[in-house]
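Working notes, structure below.
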Amino acid sequence: MPVSALQGEALGAGLPPLLVAADRVAATVEQGVHGRRRVGLGDSFWQFRPYRAGDEIRGIDWRQSARGDRLYVREREWEAAQTVFLWIDRSGSMDFRSQAHLPTKAERAALLGLALASLLIRGGERVGRIGYDRVGYAGRGYLLSLADALSLPEAAAPSLPPPAELPRDCRAVVIGDLLRPEAEVAALVEGLAAAGVAGHLVQVLDPAEVDFPFTGRNRFIGLEGDGALLVGRAETLADAYRARLAAHREAIEQAARRAGWTVIHHRTDRPAESCLLALYLALADLGRRG
Amino acid sequence: MSALGAIGFSAPWVLLALAALPAIWWLVRLIPPAPRQTRFPALRLLLDLEQRHDTPERTPWWLILLRLLLAGLVVVGLAGPVLNPPPPGSGEGPLLVVIDDGWAAASHWRERMAALAPRLAAAEAAGRPVRLMTTAPAGEGDMQAPPLLTWAEMKGAVAALQPKPWAVDRKAAADALDDLPEGAVGETLWLDDGVDDGAATDFATRLTRLGPVTRLDLPPGNAALALGMPTLVDNGLEIGIGRALADGPRHLTLLARNEEGQVLGRDIMDLGAEEVGASVTIDLPPELRNKVTRIDIAEEASAAAVRLLDGRWRRRTVGLAFEGGDEDIRPLVSEAFYLERAMSPFADVRRAPLASLLKTPPSVIVLPDVGQVPAALRPDLESFVEKGGLLLRFAGPRFAASADDLLPVKIRQGDRALGGALSWTEPATIAPFPLDSPFAGLAPSPEVKVYRQVLAEPSLDLDKRTWARLTDGTPLITAGKRGAGLIVLVHTSANSDWSGLALSGLYVDLLRRIVDLSDGESATAAGDHMLPPLANLDGFGHLGGIAKGAGPVAAAAIATTAPGPRTPPGYYGDPAARRALALAPELADLAPLPDLPGVVVALPEAAPSVALGPYAIVLALLLAALDLLVALRLGGRLAPTTLAALAVAALLLRPGAPAVAIEAGDAAGTIHLAYVVTGDAETDAMSEAGLRGLSTALRQRTSVEPGDPVGLALDSDELAFYPLIYWPMTEAYAPDPAALERIDSYIKAGGVVLFDTRDITQGAGAMPGGGGSPGDQLLQATLAHLDVPPLVPVPGDHVLTKSFYLLQTFPGRYEGGPLWVEANASPENDGVSGYVIGPNDWAAAWAVDAQGRPLAALDGNGGGRQREMALRFGINLVIYALTGNYKADQVHVPALLERLGQ
């Protein structure tokens, strides 16, 4: 069941429009609607300052200047938009759910991605997909086309984003199960960080992948053609597996920490809102400020 | 067949396959169930783990046990286990099965067939050839020698066998055995009926000549019962019951029924252990006795336990032509006095002037000492005789003076005095009655002397017309046919003036014989014409249509005709004047089978043999299904939720629970018919189906639109919502006092309860519950705790007979049981009787299944019409319960209209 744009919007409806915190905006500066609390190009009034030689005549605010003897120039707030690039994992391993009432990981990832995009677009930011879009787009139209793209099947999609040219100082959000060798994930994070991209990793896992509830004789079959494993008594493997998963997470978190990235863990049996809220806080840097 | 205690095997060699069980155990143990296939995205992480070498998993022990049990059950099931295996037959060669299928076998026919079945099964299993012989004649012609049958034919023939409503003919059967070739029979199995027809010894001798004979008999207490000839007595009908063998006490109910099957009278009697027969009198008031057409034994189902009655048993009405005369002067010696006293025990005597008698002609008109019939009445009297009436005339002084010619013989004028003071002759006595006279069998008493008589003119046919004469040869009673009727003349007076005849008991007997000839059904009136069959009894005593092969019977010979294939018992003649041909084994002639040399007597096995093979196979199949589920579960293809869903589906597939009391709001908002939940599942299901059928009929036909029927627990549910409660009496249900108190207050508050004893053997007693049947006793026990007002059978003008349909009968599954209502229903309840009590099992007649098809067969012969009438009664009852005496008010409509007109 593909996730629609409306579902994404509905999920984000409880949150205010997301304005991405940015010390430095991406190099692909586009004019946005939200002030950056500094002087620059924009529509909103920022301050009056005395006319200095060299200022353009048309910059003088005559009404203000008529109140006194000096000439004043009207300055406007610099309004620009940050661009956030998304990666939504659509590989074979995402098409999994352990129980019928849970969503698949791919559905949950798509929902999170759409909700985030919706929040960003409502906040006036620009959104793009790593590997698909060179620049970010604004407007609800992009949300719809994103939902369309996510609902179409995609053959042999990679788990992690391919190396791509991202504009400097943009943000990246990678949503997926991150079940790749730790080195691959670390390489991705480091590569992007080297390009000046800050970002967030969202690891979406099914509860069965976290808890490993299997018992008895099982033949485990991988979802991406990575073979099968016959286990006589699965329960004997549970502890070892959970330790291995914890180690995997730890390695990824370390790599992210080194690059200044954050990692958010999410299970499909938990509500999507909690993960979306964590993403919101991380992107808006509210958590850091608060 | 090999036996192992109480269990035998029909194919014991199959048990050898049990030796393969260890191999199965080894195989099953070695091959573990297939692993569960699990999709797992994080396989990469798993692959990174260091793999330990697992011991190969073994099949769980309980699964091995399950599969071994399964294999064992299949093997045992195929080996054909039989519980209580029948004893092996002793003889060799073809088996001759002789079945007595006469009337005596009918009443325990089922038991007889059940006793035969295991022996046939054993013979079939042994693969022996078989011959079947039935000893009751089945049609015209000689009995055929029993042919060889295949077992399929044999089973079909035995299943289709029905007892015949006539006796067996073992002599013909023995003759037919002579046609068998040598060696055609190795052993004989004889299912007898326990009654000797005089040829049993000869028949048995012939059978023993063919080979060993086993006679299969029923245990004591099953001897066939027969009814004798009923006779009319003052207070009812007397009838004899007999059996061939006094084989234990029997509790019998004799029922006298009318044409519609309604029970008019009954008598419960206990036949002692040593008694072969008994004579029973069924008490019946005269007016009911005339309506009896059938007497039967409720406990027996055979043609001999049914006695059909025709006009011969009907009381005649006798009109005594009486014009006044000397009655006032000499009341105790008048002719009318003697005649009335003599005939009233067996006839309804009406004393009236001849003119008024002729307006509504009785069966017999008696003219004592009337010489000349008034000319004005003569044509009417003649036509009465022509049409079949009986005219009985007595001589007397007036008659002797001048007699007319409405007489059987010509009479000389004047009378003849015998033994007077001036005469040498002695008063004459009556000569023995000739055999061809209607009085044959009566013994004339020598004390009866005749002093005066009138004499007949000699004529050629005088002798033929004389029924009785004096010792000197002069006729005393002459008779002659005239048209369809009969004129009888007694040549002496009806009182004691001329003879002592009127003072003797012979007078009553003679009059009875004469009166019995009336109504066009007399022996002399019945000539040589043939009576076609009208309705015949079958072997079980059901009166049905004309039997196949039944032919006409000569009217004169009907009393002596022995029932047979051409003349099955039943009614013959035309519907207006039918005659009963009785299956009349003379009770005195009933004899048990004698000891037959060389015949082994066997009783049926106490425990019938049961083939266990199918059960074992079914159990194995169930285990296989369970094994499949287990395998699927172990393979991960069946989630526990699926199992739960299967279990829930299995639960839901159970037959629906009966309706129970419903929410008060719904109960008050819609009309619901309600029944008492008795706890007996069958009864409750029938009540529910019955009320459902009645509700459907109400919805279709009336503006009453009831909801689903509701089952009520009397001790807890609120009763006030329901206008009508149906209460089937069942032994399983004994309401506690609190429940009875509730139902009492329910009825007093205006509710209606239909008590259904579902029991037709309730007689037409003076009280509901007066009979001795179980239903009656229950009803009595229940009503004893209720405040029951006086009850009456439903009067003809009761509101129940007209509240929706116009009805006079209230049939249910049974017809004819009386319906009782309150005699004076209280005006507070709109005159509605809270008690409606009857035995007719209405729910069964109303009951329909989900498709609207009737559920239960009806007992009467009404069929669809009876069901319809039952529904109409139900509709009337519901309307009655809902509208009260509204319809009763309609009787005032003419008066109101009249007043309006003024």
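If you read the sequences in order, they're chains A and B.
Going by numbering that gives the first Met the number 0, the letters in the first sequence line up with residues 0 to 289, in that order.
Going by numbering that gives the first Met the number 0, the letters in the second sequence line up with residues 0 to 901, in that order.
Each residue gets a CB set at the ideal place from its N, CA and C atoms; glycine is no exception.
Treat the numbers as computed from the prediction; the structure is a model and nothing was measured.
Quick one, which of the options has its alpha-carbon nearest residue i's?
i	options	result
B/P361	B/V489, B/A375 and B/L390	B/L390
A/A193	A/F213, A/P162 and A/F211	A/P162
B/I545	B/V74, B/P564 and B/A880	B/P564
A/P212	B/G276, B/R38 and B/D174	B/R38
B/L14	B/G76, B/L48 and B/S715	B/G76
A/A186	A/Q63, A/D268, A/A250 and A/S3	A/A250
Which residue marks the beginning of the beta strand (DSSP E) containing residue i, and which one marks its end?
i	result
B/M132	V129 to T133
B/D755	V751 to D755
B/M268	V262 to L270
B/N535	P532 to N535
B/I874	First-last for B/I874: G863 to T882, but that is the alpha helix (DSSP H), not the beta strand (DSSP E).
B/Q36	R35 to R38
A/V262	T261 to R266
B/I410	I410 to A416
B/Q207	The question names Gln, but residue 207 of chain B in the sequence shown is Thr. Element bounds for B/T207: not the beta strand (DSSP E) but the alpha helix (DSSP H), A199 to L209.
Please report how far the alpha carbon of residue i lies from the alpha carbon of residue j, in whole angstroms.
i	j	result
B/F754	B/P591	45 Å
B/P734	B/L713	8 Å
A/R167	A/Q81	11 Å
A/W77	A/L111	31 Å
A/Y131	A/R107	21 Å
A/L275	A/I263	10 Å
B/R329	B/F336	10 Å
B/L899	B/I281	55 Å
B/A737	B/G750	17 Å
B/G706	B/R256	39 Å
B/K480	B/T204	54 Å
B/R35	A/D225	18 Å
B/A402	B/L366	12 Å
B/L554	B/D435	Reading off the sequence shown, one finds Ala at residue 554 of chain B, where the question assumed Leu. Each residue's Cα considered, the two are about 16 Å apart.
B/Q761	B/L818	Unreliable positioning characterises B/Q761 in this predicted model, as indicated by a pLDDT of 46, which lies under 50. The coordinate reading is nonetheless provided below. When rounded, the distance between both Cα atoms is 11 Å.
A/G11	A/D210	29 Å
Under DSSP, the alpha helix (DSSP H) around residue i begins and ends at which residues?
i	result
B/A70	W60 to L77
B/P736	P736 to K747
B/P639	P639 to L651
B/K480	Per DSSP, B/K480 belongs to no alpha helix (DSSP H); it is in the beta strand (DSSP E), P474 to R481.
B/T800	No alpha helix (DSSP H) holds B/T800; DSSP gives it neither H nor E.
Could you tell me whether the stretch 184 to 203 of chain B touches the stretch 230 to 241 of chain B, where touching means 3 or more Cβ pairs closer than 8 Å? no
Check whether the stretch 191 to 208 of chain A touches the stretch 90 to 97 of chain A, counting contact only when three or more Cβ pairs, one atom from each stretch, lie closer than 8 Å. yes
Answer yes if the stretch 205 to 223 of chain B comes into contact with the stretch 99 to 114 of chain B, meaning at least three C-beta pairs across the two stretches below 8 Å, and no otherwise. yes
Could you name the residues of the stretch 217 to 236 of chain A whose beta carbon sits closer than 9 Å to any beta carbon of chain B, in the order they occur along the chain? N217, R218, F219, I220, G221, L222, E223, D225, G226, A227, L228, L229, V230, G231, R232, A233, T235 and L236
Quick one, which residues of the stretch 242 to 268 of chain A are near chain B if we go by CB-CB under 8 Å, in chain order? R243, L244 and H247
Taking 8 Å as the threshold, find out whether the stretch 131 to 145 of chain B comes into contact with the stretch 500 to 513 of chain B through three or more Cβ pairs. no
Meets three-Cβ-pair contact criterion under 8 Å: the stretch 41 to 58 of chain A and the stretch 68 to 85 of chain A: yes
Could you list the residues in the stretch 174 to 195 of chain A with a C-beta less than 9 Å from some C-beta on chain B, going in chain order? D176, L178, R179 and P180
Going along the chain, which residues of the stretch 151 to 176 of chain A sit with their C-beta nearer than 8 Å to a C-beta in chain B? D176
Name, going along the chain, the residues of the stretch 21 to 45 of chain B whose beta-carbon falls closer than 9 Å to a beta-carbon of chain A. P31, P32, A33, P34, R35, Q36, T37, R38, F39, P40, A41, L42, R43, L44 and L45
Segment contact, 8 Å Cβ cut-off, at least three pairs: the stretch 261 to 276 of chain B with the stretch 299 to 310 of chain B: no
If contact is defined by three or more beta carbon pairs under 8 Å, each pair taking one atom from either stretch, is the stretch 700 to 711 of chain B in contact with the stretch 736 to 745 of chain B? no
Residues in the stretch 200 to 215 of chain A having any Cβ partner in chain B nearer than 7 Å: E208, F213 and G215
When Cβ atoms are compared, which residues of the stretch 678 to 697 of chain B fall closer than 9 Å to chain A? none
Residues of the stretch 71 to 99 of chain A whose Cβ lies closer than 7 Å to any Cβ of chain B, in chain order: S92 and F95
Using a Cβ-Cβ cut-off of less than 9 Å, list which residues of the stretch 128 to 143 of chain A approach chain B; keep chain order. none
Inter-stretch contact at 8 Å, needing at least 3 Cβ pairs: the stretch 139 to 150 of chain A / the stretch 172 to 190 of chain A: no
Inter-stretch contact (C-beta, 8 Å, three-pair minimum) for the stretch 676 to 695 of chain B and the stretch 833 to 851 of chain B: yes
Check whether the stretch 66 to 75 of chain B and the stretch 234 to 244 of chain A are in contact - that is, three or more C-beta pairs closer than 8 Å. no
Scan the stretch 99 to 113 of chain A for residues whose Cβ lies nearer than 7 Å to a Cβ of chain B and list them as they occur along the chain. none
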